[in-house]
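What follows is one structure encoded as structure tokens, with my remarks underneath.
Number of protein chains: 2
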Amino acid sequence: MSNSSDGRFDEMDIELLRCVESDFDVSLDTLSQQLDLSKSAVHYRLNKLKDAGVIRSVTADLDPLAFGLDMVALTEVSVTHEQGYSDTIGTDLAGVKGVEQVYYTMGDVDFVVVSRVQDRSQMNAVIEEMVAIDGVNETSSRFVMDEVTSGTDVVDNLPDAARSKLVEE
Amino acid sequence: MSNSSDGRFDEMDIELLRCVESDFDVSLDTLSQQLDLSKSAVHYRLNKLKDAGVIRSVTADLDPLAFGLDMVALTEVSVTHEQGYSDTIGTDLAGVKGVEQVYYTMGDVDFVVVSRVQDRSQMNAVIEEMVAIDGVNETSSRFVMDEVTSGTDVVDNLPDAARSKLVEE
DNA sequence: AATGAAATCGACCAGCA
DNA sequence: TGCTGGTCGATTTCATT
Numbered sequence: 185m186s187n188s189s190d191g192r193f194d195e196m197d198i199e200l201l202r203c204v205e206s207d208f209d210v211s212l213d214t215l216s217q218q219l220d221l222s223k224s225a226v227h228y229r230l231n232k233l234k235d236a237g238v239i240r241s242v243t244a245d246l247d248p249l250a251f252g253l254d255m256v257a258l259t260e261v262s263v264t265h266e267q268g269y270s271d272t273i274g275t276d277l278a279g280v281k282g283v284e285q286v287y288y289t290m291g292d293v294d295f296v297v298v299s300r301v302q303d304r305s306q307m308n309a310v311i312e313e314m315v316a317i318d319g320v321n322e323t324s325s326r327f328v329m330d331e332v333t334s335g336t337d338v339v340d341n342l343p344d345a346a347r348s349k350l351v352e353e
Numbered sequence: 185m186s187n188s189s190d191g192r193f194d195e196m197d198i199e200l201l202r203c204v205e206s207d208f209d210v211s212l213d214t215l216s217q218q219l220d221l222s223k224s225a226v227h228y229r230l231n232k233l234k235d236a237g238v239i240r241s242v243t244a245d246l247d248p249l250a251f252g253l254d255m256v257a258l259t260e261v262s263v264t265h266e267q268g269y270s271d272t273i274g275t276d277l278a279g280v281k282g283v284e285q286v287y288y289t290m291g292d293v294d295f296v297v298v299s300r301v302q303d304r305s306q307m308n309a310v311i312e313e314m315v316a317i318d319g320v321n322e323t324s325s326r327f328v329m330d331e332v333t334s335g336t337d338v339v340d341n342l343p344d345a346a347r348s349k350l351v352e353e
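Those protein sequence lines, which keep their order, are chains A and B. Just so it is clear: in the first sequence, position 94 is 278 by the numbering used here, and no numbers are missing. Just so it is clear: in the second sequence, position 56 is 240 by the numbering used here, and no numbers are missing.
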């Protein structure tokens, strides 16, 4: 319904998206100056990109450290291989408070879970809750010493080959 | 300078943050109605939270699928254990276009890298670029079949214990 | 820390290339 | 379809409590 890998953009769209992806708190004036486009045109394009689902939402980026969430762990979760379970286990894992992201992978280990909490006791609680999920077999966790979040910014992070595939010539 | 794990919030702050974290595209009217607070007060609190660095930025959430970025991989990277290198290797890995996130962990494997691209050839390019980084020893990649992003939303995702530590009684 | 009034900015409409 | 210009309503700012 919203998927569109073949949705084409022009250079202006890409530039606009790059701007608002890193900071939506700029005024239309600023954008129209940077892009050499009228305010109305910028507004028009933004609305189109929202309607198309390219811009999913506008959100406040909160600093986890401001909440004391400075402990991150990666947990590898293997499950008992009974068909159909995997789908629900994934959402169950994601439903655990403190779990940030769940990757379902091919390989020996079935899930990789990223969780972020304040201290060890909370981390223990998270892991215990994961183990308690029906179908979860074994878990193995590693603490994250440091993380480099290069890019939640999709546009800035596009490989060159990807970028050229998107812009109409 | 901006870190503050002991910065305290009240219930109103938490509620406000929960709202704007999931959607900043709401009007002040809506917020002030939901929170039973005057528009100006909402605005005042938002500014305070921005200045305090709790709200790091306001950004447009783009859908990677709209750019054809539907291939995700987790790559475990082990490095030659020479002191000091690790820091720069992390940022080098994060600098590779297509790499979304880098976790530096304790354990046999030193880094876990999340990358997102359009197709296999781009994935190959990403991995080759990682291998070429000075100090990188070995890599092992797994494709992600599915991902459940439960919470980039920090507030919604707080463990109960974490929440009670933040709100002043 | 919260309020209300004044200046500023963004959203929408009708028309045009 | 993509853009322009102008109007109205909303938001930001500031002086005041």
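All C-beta atoms in this analysis are idealised placements derived from N, C-alpha and C, irrespective of residue type, glycine included.
- Around the CB of A/Glu322, fewer than 16 other CB atoms lie within 10 Å, so the residue is classed as exposed.
- Chain-order list of chain B residues neighbouring A/Leu221: empty, with the shortest C-beta distance near 17 Å, by a criterion of under 7 Å.
- Exposed is the label assigned to A/Asn308, since fewer than 16 other Cβ atoms lie within 10 Å of its Cβ.
- For A/Arg240, the residues of chain B that pass the 7 Å Cβ criterion are Asp245, Leu246 and Asp247, in the order they occur in the chain.
- Residue range Glu195 to Ser206 is occupied by the alpha helix (DSSP H) that includes A/Val204.
- Under the Cβ criterion of 8 Å, B/Val283 is counted among the residues facing chain A.
- The residues Val293, Asp294, Asn321 and Glu322, in chain order, have a CB closer than 6 Å to that of B/Ser262 in the same chain once the five nearest residues on each side in sequence are set aside.
- Taking a contact to require three or more Cβ pairs closer than 8 Å, the stretch 312-320 of chain A and the stretch 220-230 of chain B do not qualify as touching.
- In terms of Cβ geometry, A/Ser270 and A/Gly282 do not form a close pair [threshold 8 Å].
- Contact annotation: A/Val280 and A/Val310 have beta-carbon atoms nearer than 8 Å.
- Neighbours of A/Gln302 in chain B, taken as residues at a C-beta separation under 7 Å, are given in chain order as Ala346 and Lys349.
- For the 8 Å CB-CB criterion, B/Val338 and A/Leu246 form a contact.
- A/Glu284 counts as buried, since no fewer than 16 other beta carbons sit within 10 angstroms of its beta carbon.
- The Cβ of A/Ala225 sits no closer than 8 Å to any Cβ of chain B.
- Within the DSSP bridge table, the entry for B/Ile239 names A/Leu246 as partners.
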